[in-house]
Amino acid sequence: MPTAVLTDRERTAVQAYLRLLRTVRASFAEGGGAGALPVPPSVLAEAEEALAGAGLAGNEEEFFRLLRRWGAPG
Numbered sequence: 003m004p005t006a007v008l009t010d011r012e013r014t015a016v017q018a019y020l021r022l023l024r025t026v027r028a029s030f031a032e033g034g035g036a037g038a039l040p041v042p043p044s045v046l047a048e049a050e051e052a053l054a055g056a057g058l059a060g061n062e063e064e065f066f067r068l069l070r071r072w073g074a075p076g
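The sequence shown begins at 3 in our numbering and counts up by one.
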């Protein structure tokens, strides 16, 4: 359950991160242990754009602190 109030941009960044995380996990699972399949560039671009929009690009420490406060995996 979320424990912090996020701005719209922060929420968008967290959601994009979670989509990226699910895509990467699925890529490894579909690779059958033989390595990960490529992550679509659109998924990476969405996450980068959302992080930049929330002022979190290049500030991983703050972003992961935000994720921990919100209760998301990170």
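Ideal placement from N, C-alpha and C gives every residue a C-beta, glycine not left out.
Query, Result
"When we look at the beta-carbon of residue 52 and count the other beta-carbons within 10 Å, is it buried (16 or more) or exposed?", "buried"
"Going by other Cβ atoms of all chains shown within 10 Å of its Cβ, with 16 needed for buried, is residue 16 buried or exposed?", "buried"
"Below 8 Å on the Cβ atoms is my contact criterion, and I expect residue 45 with residue 22 to pass it. Report the Cβ-Cβ distance as a whole number of Å.", "6 Å"
"Using alpha carbons as the reference points, say which of 25, 11 and 67 lies closest to residue 89.", "Because the chain is modelled from 3 through 76, residue 89 falls outside the range shown and cannot be assessed."
"Residue 50 and residue 59 look like a contact to me (Cβ under 8 Å); what is the Cβ gap, rounded to whole Å?", "7 Å"
"Look at the Cβ atom of residue 12, then the Cβ atom of residue 56, and state whether they are nearer than 8 Å.", "yes"
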